[in-house]
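Enquirer:
4 protein chains.
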Amino acid sequence: MSYNLLKGKKGIIFGALDEKSIAWKTALRCYEEGAQLVLSNAPVALRMGEINKLAEAVQAPVIGADVVNMDDLKRLFEESMKHFNSGVDFVLHSIGMSLNVRKGKHYTEIDYGFNQKTLDISAMSLHRVLRTAWDMDAINEWGSVVALTYIAAQRVFPDYNEMADAKALLESVTRSFGYHYAVRKKVRINTVSQSPTRTTAGSGVKGFEGFISYAEKMSPLGNASGEDCANYCVTLFSDLTRMVTMQNLFHDGGFSFTGVTQTVIEQMEK
Amino acid sequence: MSYNLLKGKKGIIFGALDEKSIAWKTALRCYEEGAQLVLSNAPVALRMGEINKLAEAVQAPVIGADVVNMDDLKRLFEESMKHFNSGVDFVLHSIGMSLNVRKGKHYTEIDYGFNQKTLDISAMSLHRVLRTAWDMDAINEWGSVVALTYIAAQRVFPDYNEMADAKALLESVTRSFGYHYAVRKKVRINTVSQSPTRTTAGSGVKGFEGFISYAEKMSPLGNASGEDCANYCVTLFSDLTRMVTMQNLFHDGGFSFTGVTQTVIEQMEK
Amino acid sequence: MSYNLLKGKKGIIFGALDEKSIAWKTALRCYEEGAQLVLSNAPVALRMGEINKLAEAVQAPVIGADVVNMDDLKRLFEESMKHFNSGVDFVLHSIGMSLNVRKGKHYTEIDYGFNQKTLDISAMSLHRVLRTAWDMDAINEWGSVVALTYIAAQRVFPDYNEMADAKALLESVTRSFGYHYAVRKKVRINTVSQSPTRTTAGSGVKGFEGFISYAEKMSPLGNASGEDCANYCVTLFSDLTRMVTMQNLFHDGGFSFTGVTQTVIEQMEK
Amino acid sequence: MSYNLLKGKKGIIFGALDEKSIAWKTALRCYEEGAQLVLSNAPVALRMGEINKLAEAVQAPVIGADVVNMDDLKRLFEESMKHFNSGVDFVLHSIGMSLNVRKGKHYTEIDYGFNQKTLDISAMSLHRVLRTAWDMDAINEWGSVVALTYIAAQRVFPDYNEMADAKALLESVTRSFGYHYAVRKKVRINTVSQSPTRTTAGSGVKGFEGFISYAEKMSPLGNASGEDCANYCVTLFSDLTRMVTMQNLFHDGGFSFTGVTQTVIEQMEK
């Protein structure tokens, strides 16, 4: 299936860890739709080596970058522009990391040093990426940036822990930077708030399986898959959505506007 | 420009009055993207005759229907399914009418008989359309329904008058029916909250020009045009957005999440 | 317990059916806080006779009014102002009725005649009350109007049926009229979105018990009771909340911003 | 004016800098309503000496604490509990600081070291305060915590700069910690989103005067004053609002749900 929706477009995809990653699937779909890509991830993630398979499949160079290191980001954009021989049309930010979650710290007893890293890597990294592009004028007019987020930014899901706060911060950065980039260069910036997805990263969250099954029961269309999300991102990178900006777009089978379903009520009555 | 995004899809477009209409532009774009169409509008609107130009351009039959008449709606779906020789894949609801606005009644002195008509035509008509399709099982699995709305459903724009309440009702019907249709048949239903647009209908609103210019100054990307909206609707009718349902999607150049712009502040300081 | 928060204030309470009613409890608390009251309800509800007990307890006249009858409303305000020998300081709108719910009609098969009555009685009645007061200049400067609503206006709870749409309309009327009344007379208008409450009216909703128990498990503080709601309304009628207007205020033990609780997850895993 | 709404309650007030501060006014009103207080602020703010006037007026000790220093916070709660001879019933968090704003850095060129301080002092400080209380079990059952915030957390006001992101983070911490504290101890945590207010801190924001006048014109009731905010906080600390938690409560004269006013449209047409 290809519509050539992204024909001639150049994009940077952050965060493809392995074939379960939404970023991985989005890279594949963007490539099918005619885009030319650069893949980036943290040096530590690159060492796993999986990304090379993807790089081959989508004919893209892999350029490592620590998203909290401004020199790395600058180099990434420089090399990308050289590779594309042009500016960048779209960016996918699929980046999140919480040492407090990894170490099993309860929200009420988080380590504040870890928390600072969580906020920097998972949220302020979007500011860092955009600001690097801004300084270099690296994103083309009518470019599109999408960052992946989760509904815990709006409502509490206890096991999501401090990542909820990080996602709220990420969504605010999206709006704030979105304003400036729209005014200056017609660049749009949005978040996609995706159903819980069985990725390698997602599985690290405590109680994830119970939660994914609850979300499935609570979504009139069921949970959106990673493939679905990739398709949706393609529309957001295309020229057909140019006037959508500073939005948080729920891509979740209806979960976000469902108070309760018949299925959940029945389960509760057991 | 065509991506064949809607190749093989069949859709009903309500509300194309003349070439300024968003529904008109959406019909053109859907046709370009490969869809087969039926056009519908109120008998009184059809009498203007403009729609025949569109019908010719998109090779579609015109089937009149009063959206508050259940027999009309049943006939519309029957004839459409006969024409398509299949069920319907998408529906655009671009319908609104307020006698109170037309007659220049202030919000605090509306006629309640007129108001009842406003709510019925502008909001409950969506329920009537969906319920007709539901009873006839007329929409195909993974079908997509979009209704056009306006941000006055969330925040007060005084001149928008009782249409604000009608749009709030429309958005609620979208969620309510969206739940049931998703559970039963994977059909998704969303509203698009569009920038103020210079249509023949829109121009009827008092103070419209002042308002459209305010919205332009208040939108980081500027106001979204009817053509932009048509493009966006195409993505929502396509297979790439299957898991988006029960949402109100702002298509407004960033207006909805902008508190104030530099341009507005400067104008205020004059 | 009395703080004299409403000392010297005059209020009209709509919708006290019996001692389980939130309006009943609010009347009692307003009286304790020093307010002078008029009680109103539909003629058919008055015939039950229960309200006379309340009238005695709070030393208030009972004035019947069909809220969709403008003459009734005019008479109500006239008699109230005569009784108070002054304008009105606050109004509680606790009114809702759905024949479709009563008759067990599924949302996808509602009777549109009944629906029109539901919208008129449950939502547009607020406009009718406010407009009557507006025309007569019956509400004092810095007056406060509260209407009771439910979160189904924002998210789908299938059994709540068409009342969800009615509440969405009610909340929009609150904003729309709230704007005008604030500008003209500093009157504020808000909705309180209350936990599901075991009232005689609420019990009519299908699956109510299952739902109230779900809401209890889903609210970090548990469901708010009718007494709690009465207390909250007292603060909104007092002089301490003068600048709060056009808001929908959740009074629900945290339900509205909770995505899931540990208790619900555990129940789901059974 | 006193209703004894807070009779017998003990509260800690953070952030009273001088008599223009909302925290200052809230302390005065809480004292009038019968509360016993402890005042706290950063050591550097205390050195100004103004707070001693307030301390005298409300008969409260001043206990300095750097809100990002866990030892300081622990000592503050220990000394407060000793002073009260009991646990704490309410807390006001009125704390915000941005070096990037002070130094006039544009949002697109913020210093990330400064930004980390902004987030820590303006948002994570609420987590630190709550977590200190949580570890010491310092807040009584049904206690109430209020943090002041601003609507820039939801919509972009360009001059508010990185403080918008900090407030979004603050509001998320409110929800996240609010969940846990409700479940464990019935403690409620909310933010109040206040109109722009002429405080010494607020005045530091670039373009503040232009903005405050815009907000005045855009608010149907006008801007809420610091005194109004103090009154509102009193209701939130009282026993009448026990079931309100995890909410962001707009206290802004209707600004948040107003899309445009007649006054603004007229100004725009000049």
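First to last, the sequence lines map onto chains A, B, C and D.
The first sequence begins at 183 in the working numbering and counts up by one.
The second sequence begins at 183 in the working numbering and counts up by one.
The third sequence begins at 183 in the working numbering and counts up by one.
The fourth sequence begins at 183 in the working numbering and counts up by one.
Each residue gets a CB set at the ideal place from its N, CA and C atoms; glycine is no exception.
Please identify, using Cβ separations under 7 Å, the residues of the stretch 330-358 of chain B that lie next to chain D, in order along the chain.
Expert: Those would be Ile-333, Ala-334, Arg-337, Val-338, Phe-339 and Pro-340, in chain order.
Enquirer: By the 8 Å beta-carbon criterion, what residues does the stretch 433-446 of chain B contribute toward chain A?
Expert: So the close ones are His-433, Asp-434, Gly-435, Gly-436, Ser-438, Phe-439, Thr-440, Thr-443 and Gln-444.
Enquirer: On the three-state DSSP scale, how would you describe B:Arg-370?
Expert: Residue state, collapsed to three classes: strand.
Enquirer: To the nearest angstrom, how far is the alpha carbon of A:Ser-385 from that of A:Gln-429?
Expert: Each residue's alpha carbon lies about 27 Å from the other.
Enquirer: Please classify C:Lys-388 as buried or exposed, where buried requires at least 16 neighbouring CB atoms within 10 angstroms.
Expert: So C:Lys-388 counts as exposed.
Enquirer: Could you confirm whether any beta carbon from chain C is found closer than 7 Å to the beta carbon of D:Gln-449?
Expert: So no, D:Gln-449 is outside the interface.
Enquirer: Quick one, are the C-beta atoms of B:Ser-326 and B:Arg-370 less than 7 Å apart?
Expert: Cβ atoms of B:Ser-326 and B:Arg-370: closer than 7 Å.
Enquirer: Would you check if there are 3 or more beta carbon pairs closer than 8 Å linking the stretch 213-225 of chain D to the stretch 218-232 of chain C?
Expert: As far as the Cβ criterion goes, the stretch 213-225 of chain D does not touch the stretch 218-232 of chain C, which means the pair count is below three.
Enquirer: Please confirm if A:Tyr-396 has its CB atom under 7 Å from at least one CB of chain C.
Expert: Yes - at least one Cβ of chain C is within 7 Å of the one on A:Tyr-396.
Enquirer: Could you tell me which uninterrupted beta strand (DSSP E) segments, each at least 3 residues in length, are contained entirely in the stretch 329-411 of chain A, listed from first to last along the chain?
Expert: Segments of the beta strand (DSSP E) lying fully in the stretch 329-411 of chain A: 370-376.
Enquirer: Are the stretch 292-299 of chain D and the stretch 312-331 of chain D in contact at 8 Å, needing three or more beta carbon pairs?
Expert: The stretch 292-299 of chain D is not in contact with the stretch 312-331 of chain D.
Enquirer: Quick check: what's the CA-CA separation for A:Gly-441 versus C:Arg-337?
Expert: Between A:Gly-441 and C:Arg-337, the C-alpha separation is close to 5 Å.
Enquirer: To the nearest angstrom, how far is it from the Cα of C:Ala-315 to the Cα of C:Lys-256?
Expert: Using only the alpha carbons, I get a separation of about 8 Å.
Enquirer: Which residues mark the beginning and the end of the alpha helix (DSSP H) in which D:Lys-235 is found?
Expert: From DSSP, the alpha helix (DSSP H) with D:Lys-235 extends over 233-239.
Enquirer: Three Cβ pairs or more, each shorter than 8 Å: is that satisfied between the stretch 355-375 of chain C and the stretch 399-414 of chain D?
Expert: Counting Cβ pairs under 8 Å, three or more are found: they touch.
Enquirer: Rounded to the nearest angstrom, what separates C:Ala-335 and C:Val-283 at their Cα positions?
Expert: Spanning the two alpha carbons is a distance of roughly 16 Å.
Enquirer: On a CA-only basis, which of D:Val-328, D:Ser-377 and D:Gln-241 is nearest D:Leu-424? Give me that one, please.
Expert: Per the sequence presented here, residue 424 of chain D reads as Arg, with Leu not at that position. Out of D:Val-328, D:Ser-377 and D:Gln-241, D:Val-328 has the C-alpha closest to the C-alpha of D:Arg-424.
Enquirer: Do D:Thr-417 and C:Thr-417 have their C-beta atoms within less than 7 Å of each other?
Expert: Closer than 7 Å, so yes.
Enquirer: Please list the terminal residues of the continuous alpha helix (DSSP H) segment that includes C:Asp-254.
Expert: Counting along the chain, the alpha helix (DSSP H) containing C:Asp-254 begins and ends at 252-266.
Enquirer: List, in chain order, every chain C residue whose beta-carbon is nearer than 7 Å to that of A:Lys-452.
Expert: Under the 7 Å cutoff, chain C gives Lys-452.
Enquirer: For B:Asn-282, report the span of its alpha helix (DSSP H) as first-last.
Expert: Per DSSP, B:Asn-282 belongs to the alpha helix (DSSP H) from 281-284.
Enquirer: Specify the secondary structure class of C:Asn-297 as computed by DSSP and reduced to three states.
Expert: Looking at C:Asn-297 - three-state DSSP - the assignment turns out to be helix.
Enquirer: Chain D partners of B:Phe-393, CB-CB under 8 Å?
Expert: Near B:Phe-393 (Cβ distances below 8 Å), the residues of chain D are Val-442 and Ile-447.
Enquirer: Keeping to the same chain, check which residues put their C-beta closer than 6 Å to that of D:Val-244; ignore five residues upstream and five downstream.
Expert: Around D:Val-244: Leu-221, Ile-233 and Ala-237.
Enquirer: Which residue wins for smallest C-alpha separation from C:Ala-348, given the options C:Ser-377, C:Gly-392 and C:Asp-302?
Expert: Taking only the C-alpha atoms, the option nearest C:Ala-348 is C:Asp-302.
Enquirer: So C:Arg-357 packs on D:Phe-439, CB below 8 Å; how close in whole Å?
Expert: Their Cβ separation, rounded to whole angstroms, is 5 Å, which keeps C:Arg-357 and D:Phe-439 in contact under 8 Å.
Enquirer: Consult DSSP for B:Leu-221 and reduce its assignment to one of helix, strand or coil.
Expert: Strand, per DSSP.
Enquirer: At least one CB of chain A closer than 7 Å to the CB of B:Met-428: is that the case?
Expert: Interface residue, yes.
Enquirer: How is the alpha helix (DSSP H) around D:Leu-210 delimited, first residue to last?
Expert: Counting along the chain, the alpha helix (DSSP H) containing D:Leu-210 begins and ends at 204-214.
Enquirer: Provide the residue(s) that pair with C:Lys-192 in DSSP beta bridges, ordered along the chain.
Expert: Answer by DSSP bridge pairing, in chain order: C:Gln-218.
Enquirer: May I have the straight-line CA-CA distance separating C:Leu-308 from B:Arg-313, to the nearest angstrom?
Expert: Answer to the nearest angstrom: the Cα atoms are 28 Å apart.
Enquirer: D:Lys-308 lies in the beta strand (DSSP E); which residues open and close that run?
Expert: Checking the sequence shown, residue 308 of chain D turns out to be Leu, not Lys. Segment 307-318 is the alpha helix (DSSP H) holding D:Leu-308; no beta strand (DSSP E) there.
Enquirer: Taking buried to mean at least 16 other C-beta atoms within 10 Å of its own C-beta, is A:Thr-382 buried or exposed?
Expert: Result: exposed.
Enquirer: Identify, in the order they occur along the chain, each residue of the same chain with its Cβ nearer than 7 Å to the Cβ of D:Thr-427, setting aside the five sequence neighbours on each side.
Expert: Hits under 7 Å: Gly-360, Ala-364, Arg-370, Ile-371 and Asn-372.
Enquirer: Does D:Asp-271 get closer than 7 Å to chain C when you measure Cβ to Cβ?
Expert: It does not; no Cβ of chain C falls within 7 Å.
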